[in-house]
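Q:
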């Protein structure tokens, strides 16, 4: 059978960066084909070439056995290639139907096109079990359904080949499972799915075939049934990886941060953090486990001074902070030796338009070490940035590069380096390895454990339960804004899962 | 690398040149349409603005105004704010200059008056920008709306002041008395030996403007405040995370912006008119937006764009004089086309240019 897609010797460079080196890839029709690789391995570049965002410098693309040129995404769609982006391309205040027809309205008047679209949507929903209320507003839909709309958009435009770029990054585990069900249905109906991810578990769960990329090269293709996570991980990084963290037991020291009865209300007037109390001691990592959206984000942002609480007390190193006061801001909290690695580095932790060295001082730019009085000492800042680049193996090692040009893992290292190198007493970390490749995950985990061993207190928030269980010394479970219990990290996943879902064991027994 | 990225030389050199060429081409068609020779028109325009001493003097005099208002818009741009109230802020700046000059011109030489005039202009402009700034920072009223409304309030206020309060006794003219030499900036031709700009009022304000360019460059790229302004402009959420107060940055940036716009009045009032009069700003504040856009919000770009607009003003006046068919309004059309192509249609040629340059890139990569 002719393969759905064949890429031959695809080559692409951006200046000095050789992103794709003579890539060959064959994707069988009616299969789910995974592409794994670390961030910066060239997966996204390759897919962008296939979808017409970039032109390959060399090589050819065959769709259904025919050689094609794809100068833009319109042509890609015409060849039946649809893309579901990592960041959704939806108009929030439009309905599902309106978003689906957007750009494919079929004439100047909406009426007929929309009526046809409605019928088509119904057919797609029946055929592929992709049910979404066509008249719901996008902003009212949960993320999982928004993603379904993206898939519908691609199918509506006649896509036979669907590219999904890191589709589960924003999904809850249940939503991800549902997505995989949909992908299987699509495959069984004859569609071809290209799944780009760096989560090996997903590859094992849903793909038929998997191709592994490393540093711009396609290093191997395997039948999923005939490989293992360990083999894939090795192929991705090119050596054996430590999936578990080595960590010696350590007796925690005195309390450095204590939080009492903290309550945070959001702009809708809903209490999102409810009466939270805990202590954070020297030399321990406290993990907060919870399904995302249960107040962890608001908790960490309040501790960092970004949000204000309606009630509660915080004490850092013996200094009382009233988190309800309006004049508390992040610079005051930083002055108490509290560092903060935010959950979302793009939105909050970095200014992607800035040079790397400019981000190396974000939040610490008033430090006299970076310039006396009103002026910045550019040389001192660059020197400091170069030191961090070397120490944290940030690649490419160039502080004069725009931050947007670094891969996700390296961007995260920029943030971590900045926060850790100030030698804070307390480190607040949100999702330290979200969207980060395995090599960098290992590095980041090791760095956090070193910091703990050096006697610092770390509060860790993560949606990856594995990460919390392997890093934390104590696990606090958060549900619906409240801490519902504390468990040792050895506690089995099922029990923690139940607590995260709000099932109260003691009450049940 | 992001999609649509261009090398620096293309972004800062080729793009503006292409935009300008397109604007002139369109203008040429308009000129052709009314039955005049476009080549001749361009000749007159360029000669009129650069071909003789007095023309150069006028060109640079106008350019001085544009540098001030262009810098004002650019500084606000860096904080993600769109200050289109330069018109009103410059008008109020005139009040600051006039008060300093009227108070001091009889007692001290001009170089004593100048610092007070600069201070008065900047303070008045900044004060006029302060109200919209605080309204946006605290109440969320958008500065685009409020600054434009403040242009009208400024116009009414100045008419009231000039007619009822500050007018010369016994005169029907809505203007103050003429300043004594202590309230007049020297013309450049009186300062630079051998220079001769004829009747052009080119004065020391040009030097003040160039100093402002350097100051703005240092502020934006070399100070902590500039770093905060750029952070806030590029990513307001990251700015909050970094402990940068949005209220403070909005207010401070708008006041710097307003102050720069206000300083335009030094050139017009203290350097040229030597009295405060009605409607002296006459659109310079608005053209500053186009200047800032075209100059990529960078002081060097703003100087170049200001000279270009100075040429259009001066050369345009010559053209209207030489060619009766090309009226004053036609000149406005040509200026409008330049603004349209440089500002609004700035990105029209970008995708094509990116593709064109990308076609050459593989060979470049091999060479490297």
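Residue numbers (this note's numbering), protein chains in the order written: chain A, 17 to 525; chain B, 683 to 1050. Idealized CB from N, CA, C, for every residue including glycine.
1) Could you please give me the residues that DSSP links to residue 494 of chain A through a beta bridge?
2) Quick check on this structure: which residue in A/492, A/508 and A/507 has the alpha carbon closest to the alpha carbon of residue 501 of chain A?
3) For a test of the three-state rule: what should DSSP assign to residue 989 of chain B, helix, strand or coil?
4) Is residue 322 of chain A helix, strand or coil when you go by DSSP?
5) Out of B/825, B/701 and B/725, which has the shortest C-alpha to C-alpha gap to residue 937 of chain B?
6) Can you name the residues of chain A whose CB is closer than 8 angstroms to the CB of residue 904 of chain B?
7) Taking C-beta to C-beta, are residue 213 of chain A and residue 225 of chain A nearer than 8 angstroms?
8) Between the alpha carbons of residue 979 of chain B and residue 752 of chain B, how many angstroms are there, rounded?
9) In its own chain, which residues sit with a C-beta less than 6 angstroms from the C-beta of residue 507 of chain A, not counting the 5 before and 5 after it?
10) From the DSSP output, in three-state form, read off residue 761 of chain B for me.
11) Using a Cβ-Cβ cutoff of less than 6 angstroms, which residues in the same chain neighbour residue 701 of chain B once the five nearest sequence positions on both sides are dropped?
12) Looking at chain A, is there any beta carbon in it that lies within less than 8 angstroms of the beta carbon of residue 919 of chain B?
13) Run through chain B and tell me which residues come within less than 7 angstroms of residue 19 of chain A, C-beta to C-beta.
14) Is residue 691 of chain B buried or exposed, if buried means 16 or more other CB atoms sit within 10 Å of its CB?
15) Report yes or no: do the stretch 840-859 of chain B and the stretch 955-966 of chain B share at least 3 C-beta pairs separated by less than 8 angstroms?
16) Quick one: what's got a C-beta closer than 7 angstroms to residue 258 of chain A's C-beta in the same chain, skipping five residues either side?
17) Residue 236 of chain A lies in the beta strand (DSSP E); which residues open and close that run?
18) Cβ of residue 884 of chain B within 8 angstroms of Cβ of residue 743 of chain B?
19) Near residue 364 of chain A, what residues of its chain come up, given a Cβ to Cβ distance below 7 angstroms and the 5 sequence neighbours on each side ignored?
20) Buried or exposed for residue 793 of chain B, going by 16 or more other Cβ atoms inside 10 Å?
21) Over what stretch of residues does the beta strand (DSSP E) that includes residue 336 of chain A continue unbroken?
22) Take residue 37 of chain A as the anchor and find which of A/45, A/21 and A/74 has the nearest alpha-carbon.
23) Using the C-alpha atoms, what's the distance from residue 321 of chain A back to residue 295 of chain A?
24) Determine the chain B residues that contact residue 347 of chain A at a beta-carbon separation under 7 angstroms, and present them in chain order.
25) Name the residues in the stretch 358-370 of chain A whose C-beta lies less than 8 angstroms from a C-beta of chain B; which are they?
26) Drop a sphere of 10 angstroms on the beta-carbon of residue 485 of chain A, count the other beta-carbons inside from all chains shown, and report buried for 16 or more, exposed for fewer.
27) From residue 474 of chain A to residue 499 of chain A, what does the alpha carbon distance come to, in whole angstroms?
28) Can you give the Cα-Cα distance for residue 278 of chain A and residue 293 of chain A, rounded to whole angstroms?
29) State the start and end residues of the unbroken beta strand (DSSP E) segment that holds residue 288 of chain A.
30) Just to confirm the assignment, what range does the beta strand (DSSP E) spanning residue 36 of chain A have?
31) Are the C-beta atoms of residue 322 of chain A and some chain B residue less than 8 angstroms apart?
32) Under 9 angstroms between beta-carbons, which chain A residues line up against residue 913 of chain B? List them in chain order, please.
33) Would you tell me roughly how many angstroms separate the C-alpha atoms of residue 696 of chain B and residue 754 of chain B, rounded to the nearest one?
34) What is the residue span of the beta strand (DSSP E) that residue 355 of chain A lies within?
A: This is what the structure holds:
1) Taking the first residue of the first chain as position 1, residue 494 of chain A is located at position 478. In the DSSP output, where bridge partners are listed per residue, residue 494 of chain A has A/499.
2) Within the first chain, numbered from 1, the residue matching residue 501 of chain A stands at position 485. Per the Cα distances, A/492.
3) Counted from its first residue, the second chain places residue 989 of chain B at position 307. Three-state DSSP puts residue 989 of chain B in a helix.
4) Locating residue 322 of chain A in the first chain gives position 306, counting from the first residue. Coil at residue 322 of chain A, not helix or strand.
5) Here the question's residue 937 of chain B lines up with position 255 in the second chain. Among B/825, B/701 and B/725, the Cα nearest to that of residue 937 of chain B is on B/825.
6) Here residue 904 of chain B refers to the residue found at position 222 of the second chain. 391, 392 and 394, listed in chain order.
7) In the first chain, residue 213 of chain A corresponds to position 197, counting from 1. In the first chain, residue 225 of chain A corresponds to position 209, counting from 1. In this structure, residue 225 of chain A does not lie closer than 8 angstroms to residue 213 of chain A by Cβ.
8) By 1-based counting over the second chain, the position of residue 979 of chain B is 297. By 1-based counting over the second chain, the position of residue 752 of chain B is 70. Looking at the two C-alpha atoms, the distance is approximately 8 angstroms.
9) Looking up residue 507 of chain A in the first chain gives position 491. Excluding positions up to five away in sequence, the list is empty.
10) Against the second chain, residue 761 of chain B aligns to sequence position 79. In this structure, residue 761 of chain B counts as coil in the three-state DSSP scheme.
11) One-based indexing of the second chain puts residue 701 of chain B at position 19. Answer for residue 701 of chain B: 1023 and 1024, listed in chain order.
12) Within the second chain, numbered from 1, the residue matching residue 919 of chain B stands at position 237. Using beta-carbon distances, residue 919 of chain B counts as an interface residue toward chain A, with a partner under 8 angstroms.
13) Translated into positions along the first chain, residue 19 of chain A becomes position 3. Chain B residues near residue 19 of chain A: none, gap ~27 angstroms exceeds 7 angstroms.
14) For the purposes of this step, residue 691 of chain B is identified with residue 9 of the second chain, where counting begins at 1. That one is exposed.
15) By the C-beta criterion, the stretch 840-859 of chain B is judged to be in contact with the stretch 955-966 of chain B, since at least 3 inter-stretch pairs fall below 8 angstroms.
16) The residue you call residue 258 of chain A lines up with position 242 of the first chain. Residue placement at residue 258 of chain A is flagged as unreliable, the pLDDT there being 49, under the threshold of 50; a coordinate-derived value is accordingly withheld.
17) Counting from one through the first chain, the residue named residue 236 of chain A turns up at place 220. Per DSSP, residue 236 of chain A belongs to the beta strand (DSSP E) from 233-239.
18) Indexing the second chain from 1 puts residue 884 of chain B at position 202. Indexing the second chain from 1 puts residue 743 of chain B at position 61. In contact: residue 884 of chain B and residue 743 of chain B (Cβ atoms closer than 8 angstroms).
19) In the first chain, the residue the question calls residue 364 of chain A occupies position 348. Result list for residue 364 of chain A: 358, in chain order.
20) Along the second chain, one-based indexing puts residue 793 of chain B at 111. With fewer than 16 other Cβ atoms within 10 Å, it is exposed.
21) For the purposes of this step, residue 336 of chain A is taken as residue 320 along the first chain, with counting starting at 1. Run containing residue 336 of chain A: 335-337, per the beta strand (DSSP E) assignment.
22) Taking the first chain and counting its residues from 1, one reaches residue 37 of chain A at position 21. Of A/45, A/21 and A/74, the residue nearest in Cα terms is A/74.
23) Here the question's residue 295 of chain A lines up with position 279 in the first chain. Here the question's residue 321 of chain A lines up with position 305 in the first chain. Distance between the alpha carbons of residue 295 of chain A and residue 321 of chain A is about 18 angstroms.
24) Locating residue 347 of chain A in the first chain gives position 331, counting from the first residue. In chain order: 925.
25) Within the stretch 358-370 of chain A, the qualifying residues are 358, 363, 364, 365, 366, 367, 368, 369 and 370.
26) As a working note, residue 485 of chain A is residue 469 in the first chain. Label assigned to residue 485 of chain A: buried.
27) Reading the first chain from its first residue, position 458 is the one you call residue 474 of chain A. Reading the first chain from its first residue, position 483 is the one you call residue 499 of chain A. Distance between the alpha carbons of residue 474 of chain A and residue 499 of chain A: 17 angstroms.
28) Residue 278 of chain A sits at position 262 when you count from the first residue of the first chain. Residue 293 of chain A sits at position 277 when you count from the first residue of the first chain. About 7 angstroms.
29) Taking the first chain and counting its residues from 1, the one referred to as residue 288 of chain A is at position 272. 287-297 is the extent of the beta strand (DSSP E) around residue 288 of chain A.
30) For the purposes of this step, residue 36 of chain A is identified with residue 20 of the first chain, where counting begins at 1. Looking at the DSSP string, the run of the beta strand (DSSP E) that includes residue 36 of chain A is 33-43.
31) Locating residue 322 of chain A in the first chain gives position 306, counting from the first residue. Interface residue, yes.
32) Locating residue 913 of chain B in the second chain gives position 231, counting from the first residue. Under the 9 angstroms cutoff, chain A gives 367, 370, 374, 378 and 381.
33) For this step, residue 696 of chain B is matched to residue 14 along the second chain. For this step, residue 754 of chain B is matched to residue 72 along the second chain. One C-alpha to the other measures close to 25 angstroms.
34) Here residue 355 of chain A is taken as the residue at index 339 of the first chain, counted from 1. Residues 354-357.
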